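Just below is one structure, and these are the notes that go with it.
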Amino acid sequence: MTQLSLPVEDPDSFHNVSEKVKDKKKKRKSESKPEGKAKKKDKAGVENGETQKKKGKEKDMTIAEESERKTEKKREKKKKDKKKTKEKNLSEIKQEDDQTSSIIVKVEPDEDEDFAPAKKQNKGKKRARQEEATELSKSKKVKLEEDANETETETKPKKKKKIKTEEGKQKPKKEESDRKPKKKTQEEKEAAAALKIKKKEEEEQMRWRWWEEEKYEDGIKWKFLEHKGPFFAPPYEPLQENVKLYYDGKPLSLSLQAEEVASFFAKMLDHEYTTKEIFRNNFFVDWRKEMTLEEKMVITDLDKCDFTEMFTYYKGKMEEKKNKSKEDKLKIKEENEKLLEEYGYCAMDHHREKIGNFKIEPPALFRGRGDHPKQGMLKKRILPEDIIINCSKDSKIPEPPPGHKWKEVRHDNTVTWLASWTENVQGSVKYIMLNANSKLKGEKDWEKYEIARKLKHHAEKIRKTYRENFKSKEMKVRQRAVALYFIDKLALRAGNEKEEGESADTVGCCSLRVEHIKLYPELDGEKHVVEFDFLGKDSIRYYNKVPVEKQVFKNLQLFMENKEEGDDLFDRLNTPLLNKHLQSLMEGLTAKVFRTYNASITLQQQLQELTDPEESIPAKILSYNRANRAVAILCNHQRAPPKTFDQSMANLKSKIDAKKEQILLAKKELKEAKKEAKEKDSEKLNKVVESKKRAVQRTEEQLMRMEVQATDREENKQIALSTSKLNYLDPRISVAWCKKWTVGLEKIYNKTYRDKFAWAIDMTETDFIF
DNA sequence: CGAGGGACTTAGCAGGGGCAAT
DNA sequence: ATTGCCCCTGCTAAGTCCCTCG
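Position 300, counted from 1, in the first sequence is what the UniProt record's numbering calls 300; the numbers after and before it change by one each time, with no gaps.
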């Protein structure tokens, strides 16, 4: 217990958390920060050791030899898969005599030989799943287009019983431990639980198990696509008569257009944005464009505009909305659901797939991040005339809103989007695409992790190569090698070139400039230290001091010779060049794969290192979060400390103190009871002692849980775990870990994540290795 | 090549819903 | 039942990478 409450140093990484504070956050709120965590070992170094073993057989292979070996592997793999398929089909036939072996087992080409094969003990489960899938695919074949849902429900009742028994056998423990003791009657509890399970099952059955199907040929994303088109932002609601903008102290009535734009500004009055010079200027320029001639004549100075009445009005409206009666809120909720039902889904290859963003972005003032030169500009209202619809030829083409036309309707099945438009601030294209739980996104995600896994086998060779290249005669090669070293070791982003003045001044690896690094031949007892300080994506500050290899250090000195502030550190390098090189080292390799690879491999290692089999479930979860945190630190995923952080931390602390008191009290009571029992030795008193004992135990457990929570939260103050969880960590690592330690998956992944990673949850067993 | 555009992933923030404590 | 708080979800900006064209 005690070790849990100790501040545990971050087991890896050279990142000093305390120093990595978002610049803007610093300004906004320079509160006390947690003490910096001790920097320990070098992650890349650890990995090197780990993968060293594999090196032997790969060493000295030419690319040609290697690819030959690869194809051989593939062939082997295919053989294996064929066998698997056969087995699978066999087992199907055994169960369903009318089966026409409709299941096609997915053959994942990039799958590695170390992909976890199904364990024997799990056969029962596997088969159950297959049964389900078989039935599903059967119904899939039957149903076509419109009647999809009905067909589905028809096949359901039969299935349900079967699965229920299966499920019941499989997950009773988990389900029960999930439920928290409520003050409900036993029956109510059971009923609610049954409903929950039923719902879960239903969802499970509706799920398209695309990962068991064969992939389409290259480039084809779908064969049938039908949808309702996007949902447009509601029209502007004019201000109430008595609410005015004041100019130079005098009330003004604006034209509808100008008023709408003014309202965007007024609504943000309590936001820092409206105090920024650039934001105000950009807004004013664009606002004036919407004004009538007369308005333009009058309103010439933003400083003379008083929006407070409008601001108060909107604030009041918000308040009103919040305080609406239950029924009204329910009604709104229902309406939203109806909307989602109508616009939120599409039919893709005869499966109902959820759309990620079916609502068109409403007009607003552009909120660029960091020092964005375009912040405050008006993001215009999007009309159907701006929208390109993409769907299949034989689908029902979505209707534009009455009186409107689409810009274009096209039938391009090599792309995944359903609709697109060009946004006016940056001139970029925006899309309506599917939700993360869709086949299209899932398949890509899976592929991403498979490429990252493939890198595992090439990493050593690649590292060796770039180390050799540190000494290359060619400047280009040297720069490329050092950049790659940073990308690999520090998980930096590639760093594309950006047009100056179009967005905030942020950089990645290839676009680093001289002023972003400082070289220290010696610092704090370490040699060859590089200090990084630059703004990365989203203007999040990257600050890090890293000891590097001597050769790297020398090279950096060389690269910086005769350069001044503003000059590129890697002047002979850019991302296409780097990626082209990477492509030659391994098919599908690009700079970002290193981030995925290093994130996932770090999680796996950290989990291995931190998980103590003896510990309780909450302690294990803390270990998981710590492993996750190590990755988040590596990838520099930050967040603003929650506004109520200090407050809620203090609350938790006082609760812990209260718990401690309670334990003392309980212990005292126990002691007294014991004493009494010793003296009198009655049955009854012994029982009392027992119950007191249990009470102490219970309270201690509660305390422990709280303390774990407290450390977890403290360590998490300004680190965002979600980004890496969602985008960088192979979900199969987490699923396998949960299975191995019988930790409920829902403790790690919430509903959204479980949905997104359904493929991984379905296919992963405890022995998965990234 | 190198600019420019297109498609798709990755990112943090705001606000609301839902749940636990009172 | 009410309140307070936390997490989830939706939103959309900001990246990466690829393709095309001159």
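Glycine included, every Cβ here is placed at the ideal spot set by N, Cα and C.
All values derive from a computational prediction rather than experimental measurement.
**Unbroken beta strand (DSSP E) run spanning P547, endpoints** = 541-547
**Prompt:** When you compare only the Cα positions, how much space is there between Y520 and K554?
**Reply:** Each residue's alpha carbon lies about 11 Å from the other.
**Spatial distance of L577 from F232 (CA atoms)** = Looking at the backbone, the Cα of L577 and that of F232 are separated by about 42 Å.
**Asked** Considering only the beta carbon of each residue, do A491 and F570 sit closer than 9 Å?
**Response** Not in contact: A491 and F570 (Cβ atoms no closer than 9 Å).
**Request:** Go ahead and label I220 buried or exposed: buried means 16 or more other beta carbons lie within 10 angstroms of its beta carbon, across all protein chains shown.
**Result:** exposed
**Proximity winner among K439, A494, V688, K580, relative to W211 (alpha-carbon distances)** = K439
**Asked** Near I355, which residues of its chain fall below 8 Å by C-beta distance, leaving aside the five closest residues on each side in sequence?
**Response** H227, Y343, G344, Y345, C346, L418, I432, M433, L434, N435
**Opening and closing residue of the beta strand (DSSP E) in which N390 lies** = 388-390
**Prompt:** Is the beta carbon of P400 less than 9 Å from the beta carbon of I382?
**Reply:** no
**Request:** Below 6 Å CB to CB, which residues in the same chain sit around R369 once its five sequence neighbours on both sides are set aside?
**Result:** So the list reads D538, S539, once near-sequence residues are dropped.
**From K680, M704, L670, residue whose alpha carbon lies closest to that of S691** = Of K680, M704, L670, the residue nearest in Cα terms is L670.
**Request:** Flag this pair as yes or no: are the beta carbons of F283 and G427 separated by less than 9 Å?
**Result:** In this structure, G427 does not lie closer than 9 Å to F283 by Cβ.
**Asked** If we call anything under 9 Å between Cβ atoms a contact, is T699 one with R732?
**Response** no
**Asked** Can you tell me the Cα-Cα spacing of S472 and K380, whole angstroms?
**Response** 52 Å
**Prompt:** Which residues in the same chain as V514 place their Cβ atom closer than 7 Å to its Cβ, once the five residues preceding and following it in sequence are excluded?
**Reply:** M560, K563, E564, E565, D567, L569
**Item:** Unbroken stretches of the beta strand (DSSP E), 3 residues or longer, contained in the segment 377-425
**Value:** Counting only unbroken stretches of 3 or more residues, the beta strand (DSSP E) elements lying wholly within the segment 377-425 are 388-390, 408-410, 419-422, in sequence order.
**Prompt:** Is K659 near Q709, with beta carbons less than 9 Å apart?
**Reply:** No, the Cβ-Cβ distance between K659 and Q709 is not below 9 Å.
**Asked** Under three-state DSSP, which class holds D762?
**Response** helix
**Request:** Spatial neighbours of T590 within its chain, please: CB distance less than 7 Å, with the 5 preceding and 5 following residues excluded, ordered by chain position.
**Result:** N579, L582
**Prompt:** Using DSSP with H/G/I as helix, E/B as strand and the rest coil, what is E132?
**Reply:** Low confidence applies to E132: its pLDDT is 35, below 50, so where it sits in the model is not reliable, and the reading given next is rough at best. DSSP places E132 in helix when its eight states are reduced to three.
**Item:** Cα-Cα separation between P373 and T416, rounded to whole angstroms
**Value:** Going by C-alpha positions, P373 is about 31 Å away from T416.
**Request:** For the beta strand (DSSP E) holding C346, just list the boundary residues, first then last.
**Result:** 345-348
**Request:** Compute the Euclidean distance between the alpha carbons of N281 and C510, then round it to the nearest angstrom.
**Result:** 33 Å
**Item:** Chain-order list of residues whose beta-carbon lies under 7 Å from that of I332 (same chain, five-residue window excluded)
**Value:** none
**Asked** So does the segment 629-645 actually touch the segment 599-613, counting three or more Cβ pairs closer than 8 Å?
**Response** yes
**Asked** In terms of DSSP beta bridges, what is I432 paired with?
**Response** A419
**Request:** Using 10 angstroms around the beta-carbon of R352, count the other beta-carbons present and answer buried if the total reaches 16, otherwise exposed.
**Result:** exposed
**Message:** Is the separation between the beta-carbon of K667 and that of V689 shorter than 9 Å?
**Reply:** It is not a contact, given that the beta carbons lie outside the stated cut-off.
**Contact the segment 233-245 vs the segment 393-413: 3+ CB pairs below 8 Å** = no
**Asked** Got a sec, what are the start and stop residues for the beta strand (DSSP E) K527 sits in?
**Response** 526-535
**Prompt:** How about E707 and R629: do their beta carbons lie closer than 9 Å?
**Reply:** no
**Prompt:** Does the ligand GTP have a heavy atom nearer than 8 Å to the CB of K444?
**Reply:** The ligand GTP is absent from the structure shown, which contains no ligand whatsoever.
**Item:** Nonlocal neighbours in the same chain, by C-beta distance under 6 Å from K740, ignoring five residues either side
**Value:** Excluding residues within five positions, the ones whose Cβ falls inside 6 Å are T766.
**Request:** Work out the CA separation of S584 and H458 for me, nearest whole Å.
**Result:** 12 Å
**Request:** Report the partner residues of P251 according to the DSSP bridge assignment.
**Result:** Y246
**Asked** Under 9 Å, do A262 and M318 count as touching if we go by C-beta distance?
**Response** no
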